[in-house]
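Here the structure comes first, spelled out in structure tokens, and everything after it is commentary.
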Amino acid sequence: MPKLYAEVQAISFCGVMIDRGWVTVAENKGGVLGFLARDGAEICSLYLAPGTCGQGIGKALLNKAKAAEPQLWLRAFVANRGARRFYQREGFQEVARGNGSDNEEGLPDIRFEWSRGMTIGDQA
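Each residue of the sequence shown is one higher than the last, beginning at 419 in the working numbering.
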């Protein structure tokens with residue numbers, strides 16, 4: 419991924435998301451394990467700390483978002499195969515692809531959608 423912002427800008431934006439009430443944090447006594455930022459139905463960010471993948475943390479954060487909203491959507495980069503597999507495993511379906519002209523990174527992406535009660539093969 420291209421580096422678009424200085425670390426101070428990224429930290430500042432995280433503060434904005436927190437102030438807006440978008441962020442759910444997964445933590446234990448050792449610190450932050452990951453977080454999910456959601457603006458209504460849009461999942462803006464889902465990040466896990468290094469070494470925490472495959473422990474159910476992302477699934478737990480996603481399940482909390484699913485409990486709060488009947489429909490969710492997000493974009494994942496085509497190159498991020500792990501994220502794409504994860505979202506599909508969690509019931510999200512691909513509904514559109516972009517060539518990168520609509521995101522700051524300029525990278526091809528996929529829009530995924532999930533609806534409560536939707537099953538694999540349903541159209542969004």
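Ideal placement from N, C-alpha and C gives every residue a C-beta, glycine not left out.
Per DSSP, the beta bridge partners of E531 are W491, Q511. For G452, the secondary structure class from DSSP, reduced to helix, strand or coil, is strand.
Contact between I528 and E512 holds, since their C-beta atoms are separated by about 5 Å, short of 8 Å.
In the displayed model, N517 falls within coil according to three-state DSSP, outside both helix and strand.
Assignment of A459 by DSSP, reduced to helix, strand and coil, places it in the coil class. Contact annotation, G452 with L479: C-beta distance approximately 6 Å; criterion of less than 8 Å satisfied. If you look at A444, you'll find it in the beta strand (DSSP E) that goes 441 to 446.
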